[in-house]
Amino acid sequence: MSGIETTGSKRLVLVSGRAHPALAQEIAEELGSELVPTDARTFANGEIYARYDESVRGSDAFVIQSHTSPINEWLMEQLIMIDALKRASAKRITVVAPFYPYARQDKKGRGREPISARLVADLFKAAGANRIMSIDLHAAQIQGFFDGPVDHLFAMPVLLEYFKEKLDPATLAVVSPDMGRVRVADIWSDKLGAPLAIIHKRRDPLVPNQVSVHEIVGEVEGRVCLLVDDLIDTGRTIVRAAEALKANGALGVVVAATHAVFSAPATEILQSEFIDRVVVTDTLPVPEEKRWDRLTILPIAPLLARAIHEVFEDGSVTSMFDGAA
Ligand code: R5P
1 MSGIETTGSK RLVLVSGRAH PALAQEIAEE LGSELVPTDA RTFANGEIYA RYDESVRGSD
61 AFVIQSHTSP INEWLMEQLI MIDALKRASA KRITVVAPFY PYARQDKKGR GREPISARLV
121 ADLFKAAGAN RIMSIDLHAA QIQGFFDGPV DHLFAMPVLL EYFKEKLDPA TLAVVSPDMG
181 RVRVADIWSD KLGAPLAIIH KRRDPLVPNQ VSVHEIVGEV EGRVCLLVDD LIDTGRTIVR
241 AAEALKANGA LGVVVAATHA VFSAPATEIL QSEFIDRVVV TDTLPVPEEK RWDRLTILPI
301 APLLARAIHE VFEDGSVTSM FDGAA
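Residue numbers are given in full-length UniProt numbering: position 9 of the sequence shown equals residue 9, and the series is strictly consecutive.
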């Protein structure tokens, strides 16, 4: 039987949707555990079915799913998996959604808009989830959308570890690509001992995914600029920012982002001559055809495994970040 037996009565159960099986497998290996074999299928009309091949009764269950494209399908699959756990008498159910779906729809910017990030939290709750675990939420206040514990993890230690030896604080500037990321970029700037610059980005509310840069606040001339963002979707935010930084005298541009959504045309435009390197984590799968030589993908499984371990053992998730945010 899969799962860890502890000295008490607790039993850890890890189950995974079909979106990013490699990540779930790595998490299980990190934990010295195994994924519970699951029969998940899609019927001819698009309906999804999931059944666990083993008992999950009384377990502390973690349902891992990466919300990549087709995002609605993977969200529905995770909801169905939660429902199956609930009806099979799992004692506690934690949603592990490394990239929180619909996080960018976290408020009404204009009249008659939905707050889809809240709807997603309600759906998880209605399905039977007791807790949520996610990484670098687009807005931290999304934690409050779910009426229960939310473990908000940060990829910063993983990304920082990569950059630590590679960047010289004396010639570095940390850059926030828009106003929404200033707080996070400020923490990066503190950690790296480098000054902060901020880009004033504009979006056309009527045209999705279009971006223009208005001005840069802060000193970037003669500096290597580290652009930090939570996610890269079409890549336009980052590419426009890199162009503007280079036009303002930046020596080089490197990018650190947690979630590689990489919708078209991201892969093409991120290979821009203005960008020296893009560093992301594998919260979302990045297929071979979306990789290029100046892309680095860092494994996020150790961070998730440690957080799952802390939750399971009633330890401290906060202690993992040592004041990172
Ligand atoms: C914006 O608020 C986010 O932090 C990202 O910068 C943005 O969503 C990325 O989208 P894209 O890559 O399509 O410009």
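Cβ coordinates follow ideal geometry from the N, Cα and C atoms, glycine included.
Item: Beta-carbon proximity of P208 to E26, cut-off 8 Å; Value: no
Item: C-beta atoms of A194 and P169 nearer than 8 Å; Value: yes
Item: Contact set for D83: own chain, Cβ-Cβ below 7 Å, skip 5 residues either direction; Value: A127 and G128
Item: contact_flag[the region 118 to 137, the region 76 to 96] where n(CB pairs < 8 Å) is 3 or more; Value: yes
Item: D186, DSSP secondary structure in three states; Value: helix
Item: Rounded C-alpha distance that separates E77 from L14; Value: 15 Å
Item: Spatially closest choice to D293 from I275, L284, D282 and L303, by CA coordinates; Value: I275
Item: Y52 beta carbon less than 8 Å from that of R41; Value: no
Item: Proximity of A305 and L31 at Cβ, strictly below 8 Å; Value: yes
Item: Beta strand (DSSP E) runs contained entirely in the region 73 to 134, provided each spans 3 or more residues; Value: 92 to 96
Item: Three-pair Cβ contact test at 8 Å for the region 276 to 288 versus the region 246 to 257; Value: yes
Item: Rounded separation between R104 and H138 - CA only; Value: 6 Å
Item: Inter-residue CB distance, V261 and V228 (contact presumed, cutoff 8 Å); Value: Contact doesn't hold; Cβ gap of about 16 Å is too wide.
Item: Any non-hydrogen atom of the ligand R5P closer than 7 Å to L295 Cβ; Value: no
Item: Assumed close pair D106, I142 - CB separation to whole angstroms, cut-off 8 Å; Value: 6 Å
Item: Coil, strand or helix - F312 by DSSP; Value: helix
Item: Through-space distance from H259 to S59, alpha-carbon basis; Value: 30 Å
Item: First and last residue of the uninterrupted beta strand (DSSP E) at F62; Value: D60 to I64
Item: Run of the beta strand (DSSP E) containing I48, from where it starts to where it stops; Value: I48 to Y52
Item: Where V224 sits in the DSSP three-state scheme; Value: strand
Item: Helix, strand or coil at E243 [DSSP, three-state]; Value: helix
Item: Residue range of the alpha helix (DSSP H) that includes V158; Value: M156 to F163
Item: Neighbourhood of R181 by C-beta, 8 Å cutoff - its chain only, sequence neighbours within 5 removed; Value: V228, D229 and D230
Item: Status (buried if at least 16 other CB within 10 Å, exposed otherwise) for G235; Value: buried
Item: Beta-carbon separation (whole angstroms), A88 vs V56, contact threshold 8 Å; Value: 5 Å
Item: Inside the region 241 to 299 only - beta strand (DSSP E) runs reaching at least 3 residues; Value: 252 to 260, 277 to 281 and 295 to 298
Item: Rounded C-alpha distance that separates N45 from E73; Value: 12 Å
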